[in-house]
Amino acid sequence: MKLSVVDISKPEEQILEPLLEAATKQGFLLIDGHAFTQSEVDELFTISEGFFTGTGQNEKLKYPIDQRNFGYSGFNVENLNPNKSVDYKEGFNFSQINFADGIVNQTPNYELNQFDSTNPLPPFFSERLDFLSKIIIKLHAQARRIIQLLSMAMGVEDVNFFLKRFEPSKPSPSTFRMLHYPLVRSNSSGKADPHVRAGAHTDYGALTLLFQRKGEQGLQLQLDGCSWTDVEFVPTKHKGMAPPLVINFGDMMSYWTNGVLKSTMHRVRFEPGQTRDSDRYSMVFFFEPTVTTKLIPVPCEMVQTQKGQTVARPEMTSLEYLQKKLESTYSYR
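In terms of the UniProt record's numbering, the sequence shown opens at residue 1 and continues consecutively.
Written as structure tokens, this is what we have:
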């Protein structure tokens, strides 16, 4: 299937309606006219491949994923679908980010996230931090633009309602993630199904941004509650620009809007015939509100009048919401 494409370089009056339509009906869409060049994305994937294939496993294991959602997650560590086997992939999460300067792992500045120990950043990434910080800052700025447009499309009373809750310099659980899905071989063994790289799940947070790469298929959506549909690659219409970003809304955004915005079940699966040629790499940005943001219903008519939603529900912050979700995902507990 081809997702709806919204070109955010066009005038606002041309994009608000299709943006809201995709957000409320599919929960997924493509954003073209963004700020990323093809050369930037190519370099980003080169860095990711260099880390996962050029760094020894013992070295990677020095930086295990922790309760701050920072660090390395190895094979058979993450389980997005608790009813199935663990996911056959590895990843590295950059979190505790100040999006004003792009510096990661700033636990001392995040008083609400005080844990016993703090993972350092692997030297491989430290040597490339200037470029990574630039990309991370651009991702956050791009996401802020999308949610500003969304607030306009939804008719939120304060057009800056979301922007005030996604401030760059304030602590948030937002995370930039690199993923590696290794080549599937006929003799693959173990408790994970090597063809299912990320089990069926909805994203936990607010907004997810994913870089596309031509020929790297695998993302599937479950729009009708039972069957899986492959998401097709769509090229950009802008010279020199990277392909459109895949955007989807998570459980937190659905919760925050009383179900107006759709959080869609999806997975990453490579059929045997699709996975013989090379490994796969993925870049994802999980965009979240600041840690003290209270998830009370968004103040707009379409949220307040949403049918079938109970008024009484637990009041929690964005950080509390995500921590509860993450506790059931990783095996560090």
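A virtual CB, placed ideally from N, CA and C, is assigned to each residue, including glycine.
Glu232, DSSP secondary structure in three states: Glu232: coil per DSSP, three-state reduction.
Start and end residues, beta strand (DSSP E) containing Ile47: Secondary structure note for Ile47: it is in no beta strand (DSSP E), and the uninterrupted alpha helix (DSSP H) holding it is Gln38 to Gly54.
Backbone CA spacing between Lys2 and Ser227 [nearest angstrom]: Here the alpha carbon of Lys2 sits roughly 16 Å from the alpha carbon of Ser227.
Beta-carbon gap between His180 and Asp279 smaller than 9 Å: Yes, the Cβ-Cβ distance between His180 and Asp279 is below 9 Å.
Contact set for residue 338: own chain, Cβ-Cβ below 6 Å, skip 5 residues either direction: Since the first residue shown for the chain is 1 and the last is 333, residue 338 is missing from the structure and cannot be characterised.
Three-state secondary structure (DSSP) of Ser95: Note: Ser95 maps to coil in three-state DSSP.
Cβ pair count under 8 Å reaching 3, the segment 218 to 225 against the segment 7 to 16: Because the criterion of three Cβ pairs below 8 Å is not met, the segment 218 to 225 and the segment 7 to 16 do not touch.
Close beta carbons around Gln142, own chain, < 6 Å, minus the five adjacent residues each side: His34 and Ala35.
Close Cβ partners of Tyr63 (< 6 Å) along its chain, the five nearest in sequence each way excluded: Cβ neighbours of Tyr63 beyond the five flanking positions: Gly71, Tyr72, Asn119 and Pro122.
Separation of Phe51 from Arg313, as counted between CA atoms: Just so you know, the alpha carbons of Arg313 and Phe51 end up roughly 43 Å apart.
In chain order, each beta strand (DSSP E) run of at least 3 residues that lies wholly inside the segment 216 to 264: Whole beta strand (DSSP E) segments, 3+ residues: 219 to 222 and 245 to 249.
CA nearest to the CA of Thr290, picked from Leu326, Asp230 and Pro168: Minimum Cα distance to Thr290 is reached at Pro168.
Beta-ladder partner(s) of His294, from DSSP: Position check: residue 294 holds Lys in this sequence, whereas His was assumed. Looking at the DSSP assignment, Lys294 forms a beta bridge with Thr317.
Local conformation of Ala200 per DSSP, three classes: DSSP places Ala200 in strand when its eight states are reduced to three.
9 Å Cβ cutoff met for Phe166 and Glu40: Contact annotation: Phe166 and Glu40 have beta-carbon atoms that are not nearer than 9 Å.
Under 9 Å between C-beta atoms of Tyr281 and Arg213: In terms of Cβ geometry, Tyr281 and Arg213 form a close pair [threshold 9 Å].
Distance CB(Gly205)-CB(Leu322) smaller than 9 Å: Closer than 9 Å, so yes.
From Ile47, Arg68 and Gly91, residue whose alpha carbon lies closest to that of Leu61: Ranking Ile47, Arg68 and Gly91 by Cα distance to Leu61 puts Gly91 first.
For Gly102, the residue or residues it bridges with in DSSP: Per DSSP, Gly102 has no beta-bridge partner at all.
Boundaries (first-last residue) of the alpha helix (DSSP H) holding Ile15: Looking at the DSSP string, the run of the alpha helix (DSSP H) that includes Ile15 is Glu12 to Lys25.
Assumed close pair residue 350, Phe28 - CB separation to whole angstroms, cut-off 8 Å: Past the boundaries of the shown model lies residue 350; the chain is included only from 1 to 333, so the question cannot be answered.
Alpha carbon of Asp42 to alpha carbon of Asp130, nearest angstrom: Cα to Cα, the separation comes out at about 16 Å.
Among His238, Phe285 and Gly102, the one whose alpha carbon lies nearest that of Val6: Minimum Cα distance to Val6 is reached at His238.
Proximity test, Cβ basis, 9 Å: Asp32 and chain D: Going by chain labels, chain D is absent from the structure shown, which holds only one protein chain.
Which residues DSSP lists as bridging Arg68, in chain order: Partner(s): none; Arg68 has no beta bridge.
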